[in-house]
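The UniProt record's numbering numbers the first residue of the sequence shown as 1 and each following residue consecutively.
Heads up, the beta-carbon is just placed ideally off N, CA and C, and yes, glycines get one too.
This structure is a prediction, so every number in the text was calculated from the model and none was measured.
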Amino acid sequence: DTQMLDTEHGKVKAQIWDTAGQERFARVLLPTYFRKAKGVILVYDMTNAKSFESLSERWMTQLNDHASSDDLAKLLVGNKSDLEDRREVTRERADQFCREFGMEMLETSAMSGENVLQAFEKLIGIVHDRALAASKSKGGIKGINSAGAASSGFKLDGDGRDSAGSPSSDSAAGACGC
Numbered sequence: 001d002t003q004m005l006d007t008e009h010g011k012v013k014a015q016i017w018d019t020a021g022q023e024r025f026a027r028v029l030l031p032t033y034f035r036k037a038k039g040v041i042l043v044y045d046m047t048n049a050k051s052f053e054s055l056s057e058r059w060m061t062q063l064n065d066h067a068s069s070d071d072l073a074k075l076l077v078g079n080k081s082d083l084e085d086r087r088e089v090t091r092e093r094a095d096q097f098c099r100e101f102g103m104e105m106l107e108t109s110a111m112s113g114e115n116v117l118q119a120f121e122k123l124i125g126i127v128h129d130r131a132l133a134a135s136k137s138k139g140g141i142k143g144i145n146s147a148g149a150a151s152s153g154f155k156l157d158g159d160g161r162d163s164a165g166s167p168s169s170d171s172a173a174g175a176c177g178c
């Protein structure tokens, strides 16, 4: 699913790939999408420890094997925060995972919608901040002005825009590519 999102950083084209834990999809298709991704959201079910364990057993391995950038923005999302009484994955365990793999974390509830949009906004912010830092260290990057605002010509998926400033038809994705 491709979405144009209005953020504090400007309009952002985000491609969202929900694999729903499908092993076949992950093995065959995701390596192609990971190569171009600037960011990924890894979601686990807070009420299911196996869901969390599969992150390091499968998903982090996939990312390490196929993502092209060492500075890929990663966000860990614990879903089902509305079911706190059924939680199997402690916040401390998730925090340790984040420290180990260099990512940030957010808890959401798809049922109530709590923090769902914020998860995407947070990832986009991380990607934007990294692009801005890279631009400063390399003397500038097309489409980011000196104040750090995205202008036409900058797209967080890194494929650029056409001469009219419209998003290109090229795509990038991971579990969530931005």
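> Which one of M60, D65, A134 and D82 has the shortest CA to CA distance from M111?
Replying inline: For this step, residue 111 is matched to residue 111 along the sequence shown. A check of alpha carbon separations from M111 across M60, D65, A134 and D82 identifies D82 as the nearest.
> Between G93 and the rest of its own chain, which residues show a CB-CB distance below 8 Å, the 5 nearest in sequence each way excluded?
Replying inline: Position 93 of the sequence shown, counted from the first residue, corresponds to residue 93. For the record, residue 93 in the displayed sequence is Arg; it is not Gly. Once the five neighbours on either side are set aside, the close Cβ partners of R93 are F52.
>> I'd like to know whether the C-beta atoms of V40 and K13 end up nearer to each other than 7 Å.
In response: Position 40 of the sequence shown, counted from the first residue, corresponds to residue 40. Position 13 of the sequence shown, counted from the first residue, corresponds to residue 13. Cβ atoms of V40 and K13: not closer than 7 Å.
> For Y44, which residues does DSSP report across the bridge?
Replying inline: On the sequence shown, residue 44 is found 44 positions in, with the first residue counted as 1. Beta-bridge pairing links Y44 to G78.
>> Does T32 pass the burial test, meaning 16 or more other C-beta atoms within 10 Å, or should it be called exposed?
In response: Stepping through the sequence shown from its first residue, residue 32 is reached at position 32. Counting Cβ neighbours within 10 Å, T32 comes out exposed, since fewer than 16 surround it.
> On the premise that K80 lies in contact with M46, defined as a C-beta separation below 8 Å, what is that separation, rounded to the nearest angstrom?
Replying inline: As a working mapping, residue 46 is identified with position 46 in the sequence shown. As a working mapping, residue 80 is identified with position 80 in the sequence shown. Yes, they are in contact, since the Cβ atoms of M46 and K80 sit about 5 Å apart, within 8 Å.
> Measuring CA to CA, which of L63, N48 and V127 is closest to D85?
Replying inline: Taking the first residue of the sequence shown as position 1, residue 85 is located at position 85. Ranking L63, N48 and V127 by Cα distance to D85 puts N48 first.
> Can you list, in chain order, the residues of its chain whose CB lies under 6 Å from that of H128, leaving out five sequence neighbours each side?
Replying inline: In the sequence shown, the residue the question calls residue 128 occupies position 128. H9.
>> Taking 7 Å as the threshold (C-beta atoms), are E107 and T7 in contact?
In response: Translated into positions along the sequence shown, residue 7 becomes position 7. Translated into positions along the sequence shown, residue 107 becomes position 107. No, the pair does not count as a contact, with Cβ atoms beyond the cut-off.
> In three-state terms, what does DSSP make of M60?
Replying inline: If you number the sequence shown from 1, residue 60 lands on position 60. Three-state DSSP puts M60 in a helix.
>> Nearest by alpha-carbon distance to V77: which of F34, N64 and C98 is it?
In response: To locate residue 77, count along the sequence shown from 1; it is residue 77. Closest option to V77, judged by alpha-carbon separation, among F34, N64 and C98: C98.
> So what does Q3 bridge to, in DSSP terms?
Replying inline: The count along the sequence shown starts at 1 and reaches residue 3 at position 3. In the DSSP output, where bridge partners are listed per residue, Q3 has A14.
> Which value, in whole angstroms, describes the spacing of the CA atoms of G113 and Y44?
Replying inline: Here residue 113 refers to the residue found at position 113 when the sequence shown is read from its first residue. Here residue 44 refers to the residue found at position 44 when the sequence shown is read from its first residue. Distance between the alpha carbons of G113 and Y44 is about 16 Å.
>> Taking the alpha carbon of K11 as the reference point, which residue from L117, V89, D95 and I124 has its own alpha carbon closest?
In response: Start at 1 with the first residue of the sequence shown, and residue 11 comes out as number 11. Nearest neighbour of K11 by Cα position, chosen from L117, V89, D95 and I124, turns out to be I124.
> So, helix, strand or coil for H9, using DSSP?
Replying inline: For the purposes of this step, residue 9 is taken as residue 9 along the sequence shown, with counting starting at 1. Three-state DSSP puts H9 in coil, outside helix and strand.
> So what does E104 bridge to, in DSSP terms?
Replying inline: Taking the first residue of the sequence shown as position 1, residue 104 is located at position 104. Answer is L75.
>> Using the Cβ count rule (16 or more neighbours within 10 Å means buried), how would you classify A133?
In response: Position 133 of the sequence shown, counted from the start, is the residue given in the question as residue 133. Label assigned to A133: exposed.
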